[in-house]
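>
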Amino acid sequence: MKGSRRSFLKSSAALGTVAGASAIGGFPQLLIKDANAQSQPWVKKGGTIKVGVLFSLTGSLAVVETDSNQVVQFAIDKINKAGGIMGMKVEPVIIDAKSDIKVYSEKISQLILKDRVIATFGGYTSASRRAMAPIVMSRDHLLYYPTCYEGRECTQNIVNTGPLANQHSQDLIPFMVKNFGKKVYFVGSNYIWPKESNKNAKVWLEKAGGELLGEEYVELGGSDFTSIFNKIRQTKPDFIFSTVVGDSDIALHKQFKQEGFKVDKMPIAALTTGEIEIRAMGAEFGAGHFLSAPYFEALDTPTNKKFVDEYLSSKYGKGGVTHYNMEETYLSVYAFKAAFEKAAAKAGSVEAVTPRMLRDVTPGIRIEDDVSPEGLVWFDETCHLYMKPKIGQCGGDGQFKIVQAAKEHIAPDPFVIYPERGVCKFDGLHTKDGKILKSVL
Amino acid sequence: MALLELKGVTKAYDQLKVVDNFDLKVHRGELRCLLGPNGAGKTTTIDLITGRQKITGGVISLEGSVITHWPEHMRVRAGLSRKFQVPAVFKGLTVRQNLEAAFTRHTNPVRNMFVFRDREARERVEEVALRVNLASRLGVRADFLSHGETQWLEIGMVLTQNPRILLMDEPTAGMTVQETHRTGEIFNTLKGTHTLLVVEHDMGFVRQIADRVTVMHMGRFLAEGTIEEIERNEDVKRVYLGGGKHHAHA
Amino acid sequence: MLTLEHVTSYYGNTPILQDVSFTLNEGDLLSVVGRNGVGKTTLARTIMGLTTRTTGAIRVRDVDVSTLPTHQRAASGIGYIPQGRGILPKFSVRENILLGTFARKDRAEQVPPNVLELFPYLADNLDKRAGTLSGGQAQQLAIARALATDPKLLILDEPTEGIQPNIVEQIQELVIRLNRELGLTVILVEQNVEFAKEAGTRFLIMDKGAIAAEGDIDALTDALIDRHLTI
Amino acid sequence: MSVNHFWTAFAFEPFMNALLIGLSMASIWLIAALGLAIVYGTMGVINMAHGEFVMLGAYTTYLLQSAFGLPFLLCVPCAFLIVAAIGAIIEKLLIRHLYKRPLDTLLATWGLSLVLVQGVRLMVGPEPKNVASPAFLNASMQFWVFELSWFRVFIFGVTIAAFVVTWWLLQKTRVGLMVRAVTQNKEIAAAHGIDAGRVYTLTFAYGAGLAGLAGAMFGAIKNVFPDMGAGYIVEAFLVVVVGGVGSLAGSLVSALGLGEIYSVFAYFTNGTFAKFWLFLLVVIFLRFRPQGLFSEALARR
Amino acid sequence: MSNPYHNPKAQWAAYLVFFTVLACVPLMVENTFTVNLLARFLVLGMLALSVSLVWGYGGILSLGQGIAFGLAAYGMGMTMQMQAQDPENMPIPSFMLTNELTELPALWEPFWHAPTGIALALIVPTLFFAALGTIMFQARVAGVFVAIVTLAMLSAWYSMAFDMQPYTAGFNGISPPNPLQLGGYSVDPYSATAYWIALACLTALTLGLKALLHSKFGLIIQAVREDPERARFLGYSVAAYQVSVFTLSGFVAAVAGVLWVMIVQYVSPTALEVSFSVTMVIWAAVGGRMSLIGAIIGAFLVNGMQSFLGDELLYGFLLVLGGLFIVIVRFLPNGLAGLLESVLGRFGKRAASSDAGGPV
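Take a look at the structure:
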């Protein structure tokens, strides 16, 4: 221990000097600098178009996100086989987010700063989107978020190809009220998307003259619904409206049957229970329940038939099923292709295309019937899709029978239940007092 | 006034009285040995004095203040210091660190965060190390010490504390003959300046060090006196050699 | 019957028993005496394999057991009554005795009848919780349990320690009977020299972890006792 | 009933049902905790991979069912046996080298849980699997004010059976005698011919087997996926710790208590909030009884 | 006999070299992503540091270090979120609107003022650790019971962060739109500045703790770890020392929480996940819990593996990590630092005659 104090002082002095010296060199970096980054083109002529693919391939989210990852690769293969985009091959940079929010945040910055991709496809949960968003926005980059989400965000750097909370339930609630009765019980997972979806659903419920008996949320990953079923049994609703996700959704349907509820008396109308969930729980637990989604595997169109056949017979189709989340992800790749072509044409050269430019040209892009398995969709000025949600009833084979399809495309509106906040437009959120707010999360 | 006084001290588990109405007075500067066959209640008595076990009845006072129900560390701060039967040292620390830890001028954690090199502690540690034959072993980790050295180290820790009274529970247990003798020498240097209460079995050692001897048997007081008196005492002889046949205690 | 050759035994890194050698013949009763803390109990534990580490050889009928785990030593015919009796207080008397049967060669799973004959009190109170027994009863139980292992060699560690005087005598008689009538070879660790002399056929005095003296019991003189045992 | 109110009002029938649900929660937690309790009580090993044994039990059931078409009721005992065998192997390879280092076993078994989860994920795949339960269990019945789901009754029954069998094994059999002897005093047991190592292997295997049994049933009420074990481990620990180390009865009472407290809280508020209060209560409880409900004050250090 | 590993001078020299090298890294790395990644590692290293203090030196296996980290991270997230709010136009974060709040809750009010917010982010978790420590250690809860109590407490906070959505945004977490503003500057998380801020904190804490461990206090917490009863019978209040070291470790983890949000601009309940807190223990165990630098290096290694090796061995990573961990617990209880210690010990024995000072 001899001399420890002295050497301590010495070493801290030395460190001070080092830190001081390096700080002088580093001070300019206090400002956000990306000057040199912007001077380099994102895509080089004759090179490839690098895109990031950031989904969880391991961990609890892997169940769904593996499919997303596979279908992105499938779409890219398909595009490349058909000659790529403007003659350039698309090169996916595939990264596993390991179902860890910290990894999403770390890897999105790796994709942007190190791999220099021009856009990223990624995420399935709102939490992962929120973890990626600050980096994407501060670098003015582009994220394709290809699944349903709650809205209430107005950013200039995210393109969504899934349905918004206001699109999903618009037809489903009146349909259920008409066919089963007025009284409904809401069950959801305890986070923002179900809560927002339920708020929207309440609007439609009021319009349809329905009555809300109760609203319960189960923790994410929670698997015990006995307490909730106890409350449901007491209030005797005509149907259950579910926004329960993931493992919990499977437990919900299983316990529904085990608790002795009858699907023909009190079905579950869900925004989440698609083909993949049904397969995981076993078709006997899903049969008879309803789902509202823009896409079903059983959709009877030539484009979808082709999509299903090609996908399932490709090396990516080992899962044996297609579902709405996957199809929305598939669309995002074609949305990217269209945007890139449009931007390059506008800018005059592929080297001038920037991520932000892709976003700026996205409004108005249409994905036509012959490409989109769910049928024609197009982007509005906020980069959300106009789409037709459909209602399916699950059969004993795990496939859905489409019982109703929207006649018109339903407009996306991320702020529909927050009119006092303003209106989301191309350049940001227009508040009532005339200000325009950018990057509203 | 006695430095340490026990009055009617009792420890019972259910019906079994391990220490039974035991009285003891130790005066300043005295070296007292506490003897007795296995199970006589010697270690329990030390435990009760230091607060390691909860007392059932009786009063313990140190220099007139009643400490019967104080928490352990407060008793130590009041001047009691003990050595355990199975030597308890900080095995992962060096001998020097062990002794430094035992130098307890300050016990407040926050205050000790700012104590780095305490000259007084250093001097004391070196002085004690010399006393317990560990001066050359200061840098060695305690778990590499021999058994005897470990015992010395713990004796040293107790000495470093400079308490008013040192309670030694079998300080020579497991030592070789030579080590035991050295230990006796150490104890003899403490006489007069320190007050000690020593629990021991090794009679050679007791002869070497004791002023007065108290003998316990089955939790009770049996005899007290100089070593010669005790050696002549028939009761003592019986409990040591004769076992059961003619038990004399009331 | 039992031979120890240059046995050194450690707790942790501390040698408690140093270079101990002796031989015990069939039918002997060896009284091990010495003051507290000189290694008598360690000797007993060493034979049972309950110390951290030993060197040297321990032979039971020419089989070296020094590398065997404790339970195999028990199965090789050593019955052990530890210091403090080692009764399992949460067990009933019956369960305590049954514990002994795990080391039997014949795999009998009942309380051996011969054991019950020896201890009528236990036979009458088989379902009593062992924790409620008095010291003397508990000692009987510990012996009964060791006998249930069907041992050839019995190690008794201070069987009279902490027992009421009137019972001590019974225990002492019992120990002698086990040796003389039932023909068991016995190692008796004892502080009570009178009893050690009365019971033993041979003796062994220990001091500071080593053997200080040994021989036939007649050779255990007062001089030896004074030197090694008394105050 | 008003919506969005945090507190649910008291009403007799649902409250009675909430009490019943508490019983059902208790049986789930108890069956998940029983193996843990035995292993911890006997060997002093905190097995962080216990939840993964539950997961293995669920996968065993799934595999037996899907690959060999074994009926569910037969899969349950098989899950017990197979996971017990895995437990025995793990004890011999890893756990036995770490006795006397309880903190290290805790960490090593955590590492083991990572390996098991990832191993299963690699071998069987990350997607959830589905265990089918027999049709007669997928129903419920009405009894006075109570609604009983047959599957819950089944779990409850199996839990009680497992508890009784465990108790019987421990109290009435020779193996149980060995286990209890080793628990009380390893040295004395060894000195009377009991091979403590073998007892530990058996105990660990039995504890793992109970986890496998639990997994077989949990697979049928929810889903089978690699991370499913993590969902049980904290609750199972609390049941053991609150009950008191080495006390079967303690685990029973504490599972009952915790299950009921949780269910009643969940009835008046919601599940997440109930969990928060439950955990907080346990921490406060342990402040005053660190040794748990049914154990003497010796397990502190 | 002299093992250079134990030579205080060599130790300080090693610390000096270590931090100097770390300080120079941004001058050599052009890529802002890598700088940011390394800054994250620094923060994770700080967590390992706190584990090393409380577990390695204090002997208290806490599986709840994430509590301090998470609470502080939320405090910082709130601070940065409020920096992006505008008192007139956008007085409350938008997620609160979703949860039917129309006014800023009182809990959030202090965070309008960034220095107060950061101070609270550090003080609240520290006080919480002091309180929890007092509850546990006065009752003489020890060993695995501490592990389980902290685990239960962590789970409780986790469900709280989830459930109190009007205040915490629940599962989604808080993602402040702008980087931290400090004294008029904007601290770009991808700049070398952010890295150096994190490094300065890590250096200060490490050297501070290193010095603390050389103090009497450091000696006594180790004594308490070795044998609490002996320490008690030397007159120390064991509980007071355990509470102190537990609280200090909470403070270190809190600093990490604050820096983490500065660097990633995001906080969610995952900061309070059980697995995250246990992983911190893994880092410290891999590097060596009895060595501050060792623990930090352990965090670097494991996370570096996860970042760089993880992409190559996508599926096997957790398998490798779990296996590695088992091997380390089984064969290297003191981690890599322990390995170095024994290697240097052998080297030292051979070189004892020639070189007393040991290598630097």
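So the protein sequences, as listed, match chains A, B, C, D and E. Residues 1 to 441 in our numbering are what the first sequence lists, from first letter to last. Residues 1001 to 1250 in our numbering are what the second sequence lists, from first letter to last. Residues 2001 to 2231 in our numbering are what the third sequence lists, from first letter to last. Residues 3001 to 3301 in our numbering are what the fourth sequence lists, from first letter to last. Residues 4001 to 4360 in our numbering are what the fifth sequence lists, from first letter to last. All C-beta atoms in this analysis are idealised placements derived from N, C-alpha and C, irrespective of residue type, glycine included.
#1: L3036/D and V3175/D - do their beta-carbons sit closer together than 8 Å?
#2: By a C-beta neighbour count over all protein chains shown, 10 Å radius and 16 as the cutoff for buried, is A82/A buried or exposed?
#3: Should M4153/E be flagged as near chain D, meaning a C-beta pair shorter than 8 Å?
#4: So is the beta-carbon of D115/A under 7 Å away from any non-hydrogen atom of the ligand GDP?
#5: Starting from A208/A and walking both ways along the alpha helix (DSSP H), at which residues does that stretch end?
#6: Just verifying my parser: in three-state terms, what is the DSSP assignment at V3039/D?
#7: Got a sec, what are the start and stop residues for the alpha helix (DSSP H) A4152/E sits in?
#8: Note down, in chain order, every chain E residue with its Cβ under 7 Å from the Cβ of M1175/B.
#9: Please state whether the Cβ-Cβ distance between A3190/D and L2088/C is less than 8 Å.
#10: Mind pulling the beta strand (DSSP E) runs of 3 or more residues that sit fully within the segment 43-85 of chain A?
#11: Going straight from the alpha carbon of M3055/D to that of G221/A, what length do you get?
#12: How about I3047/D: is its C-beta nearer than 8 Å to some C-beta of chain C?
#13: Could you pull the DSSP bridge partners for M387/A from this structure?
#14: By the criterion of Cβ-Cβ separation under 7 Å, what are the contact partners of P1037/B in chain C?
#15: So, does the CB of K3092/D fall closer than 8 Å to a CB anywhere in chain A?
#16: If you measure beta-carbon to beta-carbon, which residues of the segment 176-201 of chain A are closer than 7 Å to chain E?
#17: Please list, in chain order, the residues of the segment 4037-4065 of chain E that have any C-beta partner in chain A closer than 8 Å.
#18: In the structure shown, what three-state DSSP assignment does Y4190/E receive?
#19: Rounding to the nearest angstrom, what Cα-Cα distance links V3283/D and V4149/E in this structure?
#20: Taking only beta-carbon positions, decide if R3285/D is within less than 8 Å of chain E.
#21: Should G2162/C be flagged as near chain B, meaning a C-beta pair shorter than 8 Å?
#22: If the cut-off is 7 Å on Cβ atoms, which residues from the segment 275-303 of chain A count as contacting chain D, listed in chain order?
#23: Please report the distance separating the alpha-carbon of R152/A from that of P414/A.
#24: Determine, using beta carbons only, whether E4226/E comes closer than 8 Å to chain B.
#25: Could you compute how far the alpha carbon of P1087/B sits from the alpha carbon of S1146/B?
#26: Chain C partners of H1147/B, CB-CB under 7 Å?
#27: In this structure, how does DSSP classify F4095/E when only helix, strand and coil are distinguished?
#28: Taking C-beta pairs closer than 8 Å, name the residues in chain A that G4170/E reaches, listed in chain order.
#29: From this set, R1220/B, T1214/B, N1112/B, W1070/B, which residue's C-alpha is nearest E1228/B's C-alpha?
#30: How would you label H1069/B, buried or exposed, when you count the other beta carbons within 10 angstroms and need 16 or more for buried?
#31: For G4173/E and chain A, any beta-carbon pair shorter than 8 Å?
#32: Under a three-way DSSP split, which group does V3245/D fall into?
#33: For T431/A versus N4089/E, is the C-beta distance shorter than 8 Å?
#34: What are the boundary residues of the alpha helix (DSSP H) that includes R2177/C?
#35: For A4169/E, which residues in the same chain have their Cβ closer than 7 Å to its Cβ, ignoring the five residues on either side in sequence?
#36: For G4066/E, collect the residues of the same chain with a Cβ closer than 6 Å to its Cβ; drop the 5 residues on either side in sequence, then sort them by chain order.
Judging by the given coordinates:
#1: no
#2: exposed
#3: yes
#4: Of ligands this structure carries none, so the ligand GDP is not represented either.
#5: 192-208 is the extent of the alpha helix (DSSP H) around A208/A.
#6: Helix, per DSSP.
#7: That run of the alpha helix (DSSP H) goes 4144-4163.
#8: The contacting residues do not exist; M1175/B stays about 20 Å from chain E at best.
#9: Not a contact, by the Cβ cut-off of 8 Å.
#10: 49-55
#11: Their backbone Cα atoms lie some 15 Å apart in a straight line.
#12: With the sequence shown as reference, residue 3047/D is identified as Asn, and Ile is not the correct amino acid for it. It does not: the Cβ of N3047/D has no partner Cβ on chain C nearer than 8 Å.
#13: I410/A
#14: Q2191
#15: no
#16: N190, Y191, I192, K195, E196
#17: L4037, R4040
#18: coil
#19: As the crow flies, the alpha-carbon of V3283/D is around 6 Å from that of V4149/E.
#20: Before going on, a small fix: residue 3285/D reads as Phe here, not Arg. Chain E contact via Cβ: absent.
#21: yes
#22: A280, M281, G282
#23: Whole-angstrom Cα-Cα distance: 5 Å.
#24: yes
#25: 11 Å
#26: The contacting residues are T2014.
#27: Here F4095/E carries a helix assignment [DSSP, helix/strand/coil].
#28: N190, Y191, I192
#29: T1214/B
#30: Looking at its Cβ environment, which holds fewer than 16 other Cβ atoms inside 10 Å, H1069/B is exposed.
#31: yes
#32: coil
#33: yes
#34: 2165-2180
#35: F4095
#36: Cβ within range, chain order: L4154, L4272, F4276, S4277.
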